[in-house]
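Participant: Starting off with a structure, shown below.
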Amino acid sequence: MRVTESTIAANFLANLNRSRARIVQLQSQLATGKRVLKPSDDPLATGTILRLNDAISRNEQFEKNVTDAQAMIETTGSSLDGFSNILLEVKEILVRVRNGAVADGLGIYADRIDQLLDEAVNIANTKFNGKYIFGGTNTLQQPFTLAPDRSAVTANPNGITGSIEYQVAEGLRQVVNIDGQEAFNGTQIFTALIQLRDQLQNGQIPSPADADQIDAMMEYVNNKGGKAGSIQTNLRSLEVRLLDQRLELTGLLSIHQDADFAEGALKLKHEESMLDAALAIGARLIPTSLLDFLK
Amino acid sequence: MPGLASILNIARRALFSQRTGMTVTGHNIANASTPGYSRQRVNLIPGLPERVSFGMLGSGVVADRVERLRERFIDRQLRTASSSLGEAVSQQQLLSQVEAFFNEPSDTGLNAVMTKFFSSFQDLATHPEDSAMRNGVLQQGLLLVQSFRGLASNIKSLRDDLLTGVTAKVDRINQLAKEISDLDVQIITARAVGAEPNDLLDQRDLKLDQLSQLAPIHVSEDSRGSVMVSIGGTVIASRAGAVPLQATVSGTQIQITAGQSNLTINVTGGDLGGLLKAANVTLPGYLSQLDQLASTLITRVNQLHSAGFGIGAVPPTGINFFTGTDASTIAVDPAITSNVNNIAASADGAPGNNSVALALAGVGEENLLNGGTASIMQYYSGLVSGIGSTIVSANSTITSQDLILTQLENQRSSVSGVSLDEEMTKLIIYQRGFEAAARLVNSVDDMFQTILDMV
Numbered sequence: 091m092r093v094t095e096s097t098i099a100a101n102f103l104a105n106l107n108r109s110r111a112r113i114v115q116l117q118s119q120l121a122t123g124k125r126v127l128k129p130s131d132d133p134l135a136t137g138t139i140l141r142l143n144d145a146i147s148r149n150e151q152f153e154k155n156v157t158d159a160q161a162m163i164e165t166t167g168s169s170l171d172g173f174s175n176i177l178l179e180v181k182e183i184l185v186r187v188r189n190g191a192v193a194d195g196l197g198i199y200a201d202r203i204d205q206l207l208d209e210a211v212n213i214a215n216t217k218f219n220g221k222y223i224f225g226g227t228n229t230l231q232q233p234f235t236l237a238p239d240r241s242a243v244t245a246n247p248n249g250i251t252g253s254i255e256y257q258v259a260e261g262l263r264q265v266v267n268i269d270g271q272e273a274f275n276g277t278q279i280f281t282a283l284i285q286l287r288d289q290l291q292n293g294q295i296p297s298p299a300d301a302d303q304i305d306a307m308m309e310y311v312n313n314k315g316g317k318a319g320s321i322q323t324n325l326r327s328l329e330v331r332l333l334d335q336r337l338e339l340t341g342l343l344s345i346h347q348d349a350d351f352a353e354g355a356l357k358l359k360h361e362e363s364m365l366d367a368a369l370a371i372g373a374r375l376i377p378t379s380l381l382d383f384l385k
Numbered sequence: 004m005p006g007l008a009s010i011l012n013i014a015r016r017a018l019f020s021q022r023t024g025m026t027v028t029g030h031n032i033a034n035a036s037t038p039g040y041s042r043q044r045v046n047l048i049p050g051l052p053e054r055v056s057f058g059m060l061g062s063g064v065v066a067d068r069v070e071r072l073r074e075r076f077i078d079r080q081l082r083t084a085s086s087s088l089g090e091a092v093s094q095q096q097l098l099s100q101v102e103a104f105f106n107e108p109s110d111t112g113l114n115a116v117m118t119k120f121f122s123s124f125q126d127l128a129t130h131p132e133d134s135a136m137r138n139g140v141l142q143q144g145l146l147l148v149q150s151f152r153g154l155a156s157n158i159k160s161l162r163d164d165l166l167t168g169v170t171a172k173v174d175r176i177n178q179l180a181k182e183i184s185d186l187d188v189q190i191i192t193a194r195a196v197g198a199e200p201n202d203l204l205d206q207r208d209l210k211l212d213q214l215s216q217l218a219p220i221h222v223s224e225d226s227r228g229s230v231m232v233s234i235g236g237t238v239i240a241s242r243a244g245a246v247p248l249q250a251t252v253s254g255t256q257i258q259i260t261a262g263q264s265n266l267t268i269n270v271t272g273g274d275l276g277g278l279l280k281a282a283n284v285t286l287p288g289y290l291s292q293l294d295q296l297a298s299t300l301i302t303r304v305n306q307l308h309s310a311g312f313g314i315g316a317v318p319p320t321g322i323n324f325f326t327g328t329d330a331s332t333i334a335v336d337p338a339i340t341s342n343v344n345n346i347a348a349s350a351d352g353a354p355g356n357n358s359v360a361l362a363l364a365g366v367g368e369e370n371l372l373n374g375g376t377a378s379i380m381q382y383y384s385g386l387v388s389g390i391g392s393t394i395v396s397a398n399s400t401i402t403s404q405d406l407i408l409t410q411l412e413n414q415r416s417s418v419s420g421v422s423l424d425e426e427m428t429k430l431i432i433y434q435r436g437f438e439a440a441a442r443l444v445n446s447v448d449d450m451f452q453t454i455l456d457m458v
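Line order of the protein sequences matches chains A and B. Residue numbers 91 to 385, in the numbering used here, belong to the letters of the first sequence in order. Residue numbers 4 to 458, in the numbering used here, belong to the letters of the second sequence in order.
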């Protein structure tokens with residue numbers, strides 16, 4: 091093959107350009123720490139990266155939802171504990187009254203039960219984050235109202251039922267409330283307290299059946315507290331799982347997206363020496379000509 | 004027996020021939036870096052011999068003709084490769100712009116914006132009573148609208164700009180076609196008087212090379228050396244003249260027509276072919292995928308949203324979240340922008356009910372596209388990796404065609420390129436030849452003197 095000066099020059103330039111293009115690519119990968127900066131760097135990996143970014147954001151959202159759910163159900167659980175403590179005190183009063191309290195003194199106990207009724211209604215109207223947690227889905231309206239003459243407790247006529255679900259994982263929803271109907275069996279407990287108060291005020295000693303009823307109610311509320319507790323346990327294990335998932339997803343993203351520094355630096359070093367070699371060879375070959383040797 | 008005069012004649016022809024050789028060598032050296040130049044060579048042949056009693060006696064040298072060293076076959080291959088490269092380069096340049104519009108993977112691309120939009124409904128689901136969350140949904144909705152519209156308008160204006168690009172390429176083609184047909188006439192005229200118009204031929208070949216980068220041309224040459232250039236079966240340049248092309252817009256398509264007949268030409272390569280493909284196929288394809296995505300999102304979100312209830316004394320219902328039908332017209336419904344309490348989270352009007360918000364948060368993952376096999380998020384990531392793949396394949400075409408082209412150019416250069424070393428060598432040969440011929444004149448002169456002195 092006949093080789094001319096222009097062939098040498100063109101080949102030299104083409105090789106130099108290719109070498110420089112590779113160096114620029116490596117440089118931007120190393121500078122940003124990312125292997126995939128635009129879809130054409132690796133179309134398949136780009137698809138995966140987009141899906142992983144979405145999955146990571148969703149996972150973060152689920153973590154946020156679980157935190158919110160935990161706060162909500164914790165408040166529910168402690169409220170139910172408080173409610174159960176009220177019933178415990180009512181039970182103690184009944185025991186004391188039935189163990190030979192004087193009929194004249196019954197009024198004091200009636201007053202105490204009346205106070206406890208207030209507390210119970212307050213607990214049933216607990217507000218968390220601006221929402222009535224026992225209102226079912228009617229979270230903005232007070233679920234239970236004590237009549238001004240203190241003769242009855244009525245439930246919100248628009249309803250105190252409805253479960254609230256949060257999405258806590260991919261395809262998984264968790265009920266995060268116990269509505270008023272379920273938590274306190276409607277207004278039954280309040281009605282029972284009002285009856286007891288009235289009996290004591292009228293000097294009547296409550297019957298053993300009344301004591302049993304309070305026992306049953308306490309057990310009912312404790313059960314609901316247990317339900318809140320099990321939801322909390324559930325959420326705690328979900329929290330751990332979501333954290334694991336986030337770490338796993340982030341790791342995967344890094345595998346697809348991030349540049350390997352050691353490898354990149356080595357490649358860059360290699361390309362640099364290639365460039366040096368190309369330049370050195372060009373510098374030697376191009377100026378050489380027969381002209382140098384003619385007098 | 005030849006006389007001294009005939010030796011002098013040989014010397015004269017030798018001087019003349021060596022001088023011609025030097026002229027051609029000088030021309031070669033002068034044009035060593037001229038684009039499209041093919042090296043030339045003087046064909047020196049021995050003069051007609053003279054018959055003498057003891058045989059034939061040479062009569063010196065004659066410069067027969069100056070020829071151009073050129074390989075037709077390489078030219079043809081080179082032009083084909085040049086068309087393919089031109090197409091790939093213009094595709095690659097355009098698609099890189101589209102790629103930049105999408106700005107993926109990033110925290111600000113449509114992928115992240117859609118994720119945040121759906122996430123804002125998760126936040127709404129945890130606090131459906133809270134107007135801060137409703138404002139969050141509205142803000143994310145407005146961002147989403149902005150992203151869709153921005154992408155669509157960027158792609159559309161790129162497509163509109165392409166008409167300018169196409170017109171520029173067509174003008175250049177027309178100019179080259181005109182020059183080629185003018186050169187062709189000059190070549191035929193020169194040949195008619197028996198001269199070999201080497202430099203005109205080089206010029207014509209150069210113009211043909213340049214033309215092949217713009218469009219896939221077919222060149223046929225007749226026995227007189229006149230060429231006929233055609234694109235897609237339509238002759239655009241011959242010695243009869245050039246047929247001008249025009250770019251016209253019909254609907255959303257850019258078409259190329261030739262001459263008065265308005266015959267449509269199918270250009271499937273070269274810079275022009277690449278631009279046409281981008282304007283007529285690639286960009287509208289991306290735009291329609293984006294529209295499909297937007298319209299699916301609008302329809303599904305509205306379907307779920309209008310069935311839900313907002314917040315109010317009488318909870319509002321039957322309100323759409325979005326208006327518009329595609330990526331260019333999508334907007335947040337004025338009812339939502341004017342009052343965020345119209346955002347529906349509840350399925351029954353109870354303020355704590357979040358079923359609708361939860362359903363809306365899941366729209367991105369529902370298999371709504373490609374006949375129920377792809378979610379909105381999957382469809383979008385498919386669209387983005389599709390753009391990437393097209394660029395990758397354009398890049399690999401560029402790399403391979405570039406290598407082929409370099410190879411062919413090396414081959415062409417090995418035949419037609421000027422080697423300065425070679426020319427210098429020839430120069431010395433011609434110079435020495437000239438000196439020797441001059442010495443011959445001297446000798447003959449001396450001989451004449453000797454004879455004259457004898458008298």
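For glycine and all other residues, C-beta sits at the position ideal for the given N, C-alpha and C.
Using only CA atoms, which one of A:Ser130, A:Ser297, A:Leu325 lies nearest to A:Leu262?
Facilitator: Looking up residue 262 of chain A in the first sequence gives position 172. It is A:Leu325.
Participant: What residues from the region 351–380 of chain A come within 7 Å of chain B, judged by C-beta to C-beta, listed N to C?
Facilitator: From the region 351–380 of chain A, only Ser379, Leu380 have a Cβ closer than 7 Å to chain B.
Participant: Identify every residue that forms a DSSP beta bridge with B:His30.
Facilitator: Residue numbering aside, residue 30 of chain B sits at position 27 when the second sequence is read from its first letter. Bridge partners of B:His30: none, in fact.
Participant: On the CB-based measure, 16 or more other CB atoms within 10 Å of its CB, does A:Ile376 come out buried or exposed?
Facilitator: For the purposes of this step, residue 376 of chain A is taken as residue 286 along the first sequence, with counting starting at 1. Classification for A:Ile376: exposed.
Participant: Give me the chain B residues within the contact set of A:Arg287, using Cβ-Cβ distance strictly less than 8 Å, ordered along the chain.
Facilitator: Reading the first sequence from its first residue, position 197 is the one you call residue 287 of chain A. Per Cβ cutoff of 8 Å: no residues; A:Arg287 is ~32 Å from chain B at best.
Participant: For B:Phe104 and B:Leu386, I'd like the C-alpha separation in whole angstroms.
Facilitator: As a first step, residue 104 of chain B must be located in the second sequence, where it is residue number 101. As a first step, residue 386 of chain B must be located in the second sequence, where it is residue number 383. For B:Phe104 and B:Leu386, the distance between alpha carbons rounds to 13 Å.
Participant: Could one say the Cβ of A:Gln205 lies closer than 9 Å to chain B's Cβ atoms, at least one of them?
Facilitator: Residue 205 of chain A sits at position 115 when you count from the first residue of the first sequence. Judged by the 9 Å Cβ criterion, A:Gln205 is not in contact with chain B.
Participant: Is there a Cβ of chain B sitting closer than 9 Å to that of A:Asn155, yes or no?
Facilitator: Looking up residue 155 of chain A in the first sequence gives position 65. Yes, because at least one Cβ of chain B sits closer than 9 Å to the Cβ of A:Asn155.
Participant: Rounded to the nearest angstrom, what separates A:Glu182 and A:Gly167 at their Cα positions?
Facilitator: On the first sequence, residue 182 of chain A is found 92 positions in, with the first residue counted as 1. On the first sequence, residue 167 of chain A is found 77 positions in, with the first residue counted as 1. Cα-Cα distance, rounded: 23 Å.
Participant: Distance check for B:Leu443 and B:Val232, CA to CA, integer angstroms please.
Facilitator: In the second sequence, the residue the question calls residue 232 of chain B occupies position 229. In the second sequence, the residue the question calls residue 443 of chain B occupies position 440. The alpha-carbon atoms of B:Val232 and B:Leu443 are separated by roughly 53 Å.
Participant: Assuming A:Leu170 and A:Val311 are in contact, meaning their beta carbons sit under 8 Å apart, how far apart are those beta carbons, in whole angstroms?
Facilitator: For the purposes of this step, residue 170 of chain A is taken as the residue at position 80 of the first sequence. For the purposes of this step, residue 311 of chain A is taken as the residue at position 221 of the first sequence. Right, the Cβ-Cβ distance comes to about 6 Å (below 8 Å), so this counts as a contact.
Participant: So for A:Pro133, helix, strand or coil by DSSP?
Facilitator: Translated into the one-based positions of the first sequence, residue 133 of chain A becomes position 43. In this structure, A:Pro133 counts as helix in the three-state DSSP scheme.
Participant: With distances taken between CB atoms, is the gap from A:Arg240 to A:Leu207 smaller than 9 Å?
Facilitator: Here residue 240 of chain A refers to the residue found at position 150 of the first sequence. Here residue 207 of chain A refers to the residue found at position 117 of the first sequence. It is a contact, given that the beta carbons lie within the stated cut-off.
Participant: Would you mind telling me which residues of chain A sit closer than 9 Å to B:Leu141, beta carbon to beta carbon, in chain order?
Facilitator: By 1-based counting over the second sequence, the position of residue 141 of chain B is 138. Neighbours of B:Leu141 on chain A: none; closest Cβ ~18 Å, over 9 Å.
Participant: Below 8 Å CB to CB, which residues in the same chain sit around A:Ile139 once its five sequence neighbours on both sides are set aside?
Facilitator: On the first sequence, residue 139 of chain A is found 49 positions in, with the first residue counted as 1. Val126, Leu343, His346, Gln347, listed in sequence order.
Participant: For the region 217–237 of chain A, which residues have a beta carbon sitting closer than 9 Å to at least one beta carbon of chain B?
Facilitator: Of all residues in the region 217–237 of chain A, Asn219, Gly220, Lys221, Tyr222, Gly225, Gly226, Thr227, Asn228, Thr229, Leu230, Gln231 have a Cβ within less than 9 Å of some Cβ in chain B.
Participant: Would you say A:Gln119 and A:Gly341 are within 9 Å of each other, going by their C-beta atoms?
Facilitator: Working through the first sequence from its first residue, we reach residue 119 of chain A at position 29. Working through the first sequence from its first residue, we reach residue 341 of chain A at position 251. Against a cut-off of 9 Å, the Cβ pair of A:Gly341 and A:Gln119 comes out as no contact.
Participant: Quick check on the burial criterion: 16 or more other C-beta atoms within 10 angstroms. Buried or exposed for B:Gln404?
Facilitator: Translated into the one-based positions of the second sequence, residue 404 of chain B becomes position 401. Per the 10 Å Cβ criterion, buried.
Participant: Quick one, are the C-beta atoms of A:Gly123 and A:Ala349 less than 9 Å apart?
Facilitator: The count along the first sequence starts at 1 and reaches residue 123 of chain A at position 33. The count along the first sequence starts at 1 and reaches residue 349 of chain A at position 259. Cβ distance < 9 Å, so A:Gly123 and A:Ala349 count as in contact.
Participant: Starting from the Cα of B:Asn398, find the closest Cα among B:Met457, B:Gln96, B:Leu293 and give me that residue.
Facilitator: Here residue 398 of chain B is taken as the residue at index 395 of the second sequence, counted from 1. Closest option to B:Asn398, Cα to Cα, is B:Gln96.
Participant: For B:Gly420, which residues in chain A fall below 7 Å Cβ to Cβ?
Facilitator: As a working mapping, residue 420 of chain B is identified with position 417 in the second sequence. Residues of chain A passing the Cβ test: Thr94, Ser96, Thr97.
Participant: Just checking: is the beta-carbon of A:Val265 within a distance shorter than 9 Å of some beta-carbon in chain B?
Facilitator: The residue you call residue 265 of chain A lines up with position 175 of the first sequence. It does not; no Cβ of chain B falls within 9 Å.
Participant: Could you work out which residues of chain A lie near B:Asp78, taking near to mean beta carbons separated by less than 7 Å?
Facilitator: For the purposes of this step, residue 78 of chain B is identified with residue 75 of the second sequence, where counting begins at 1. Correct list: empty, because the minimum Cβ distance to chain A is about 17 Å.
Participant: In chain B, which residues lie with their C-beta within 9 Å of the C-beta of A:Pro247?
Facilitator: Indexing the first sequence from 1 puts residue 247 of chain A at position 157. None at all; the shortest Cβ gap to chain B is about 13 Å.
Participant: Using only CA atoms, which one of B:Ala347, B:Asp294, B:Ser349 lies nearest to B:Ala328?
Facilitator: Locating residue 328 of chain B in the second sequence gives position 325, counting from the first residue. As written in the sequence, residue 328 of chain B is Thr, which differs from the Ala given in the question. When each option's Cα is compared against that of B:Thr328, the closest is B:Asp294.
Participant: Which class does A:Lys128 belong to by DSSP, given the choice of helix, strand or coil?
Facilitator: Translated into positions along the first sequence, residue 128 of chain A becomes position 38. A:Lys128: coil per DSSP, three-state reduction.
Participant: Just the chain A side, please: which residues come within less than 9 Å of B:Gln125 by C-beta, in chain order?
Facilitator: Walking along the second sequence from the start, residue 125 of chain B turns up at place 122. In chain order: Arg148, Gln151, Phe152, Lys154, Asn155, Tyr256, Gln257.
Participant: Could you say if the region 260–277 of chain B and the region 171–191 of chain B meet the contact criterion of at least three C-beta pairs nearer than 8 Å?
Facilitator: Contact holds: three or more Cβ-Cβ distances are below 8 Å.
Participant: Would you mind sorting A:His360 into buried or exposed? The rule is 16 or more other CB atoms within 10 Å of its CB.
Facilitator: Taking the first sequence and counting its residues from 1, one reaches residue 360 of chain A at position 270. Its Cβ having fewer than 16 others within 10 Å, A:His360 is exposed.
Participant: Counting only Cβ pairs nearer than 7 Å, list the residues of chain A close to B:Asp424.
Facilitator: For the purposes of this step, residue 424 of chain B is taken as residue 421 along the second sequence, with counting starting at 1. Result: Ser379, Leu380.
Participant: Mind listing the chain B neighbours of A:Met91? Cutoff is C-beta to C-beta under 7 Å, in chain order.
Facilitator: For this step, residue 91 of chain A is matched to residue 1 along the first sequence. Result: Ser417.
Participant: With a cut-off of 8 Å on the beta carbons, I'd call B:Ser349 and B:Phe324 a contact; round off their distance for me.
Facilitator: Counting from 1 along the second sequence, the entry for residue 349 of chain B is found at position 346. Counting from 1 along the second sequence, the entry for residue 324 of chain B is found at position 321. At roughly 14 Å, the Cβ-Cβ gap does not stay under 8 Å, so B:Ser349 and B:Phe324 are not in contact.
Participant: Could you confirm whether any beta carbon from chain A is found closer than 9 Å to the beta carbon of B:Pro319?
Facilitator: Residue 319 of chain B sits at position 316 when you count from the first residue of the second sequence. No, its Cβ sits nowhere closer than 9 Å to a Cβ of chain A.
Participant: Between B:Glu438 and B:Thr28, which are expected to be in contact by the criterion C-beta below 8 Å, what is the C-beta distance as a whole number of angstroms?
Facilitator: Residue 438 of chain B sits at position 435 when you count from the first residue of the second sequence. Residue 28 of chain B sits at position 25 when you count from the first residue of the second sequence. In fact, because the Cβ distance is near 16 Å, the residues do not count as touching under 8 Å.
Participant: The beta strand (DSSP E) with A:Asp350 in it runs from where to where?
Facilitator: Start at 1 with the first residue of the first sequence, and residue 350 of chain A comes out as number 260. Premise fails: A:Asp350 is in no beta strand (DSSP E) and is neither H nor E.
Participant: Using CA coordinates, which residue listed in B:Val116, B:Leu165, B:Ile394 is at the minimum distance from B:Gly505?
Facilitator: With chain B covering 4 to 458 only, the question about residue 505 of chain B has no answer from this structure.
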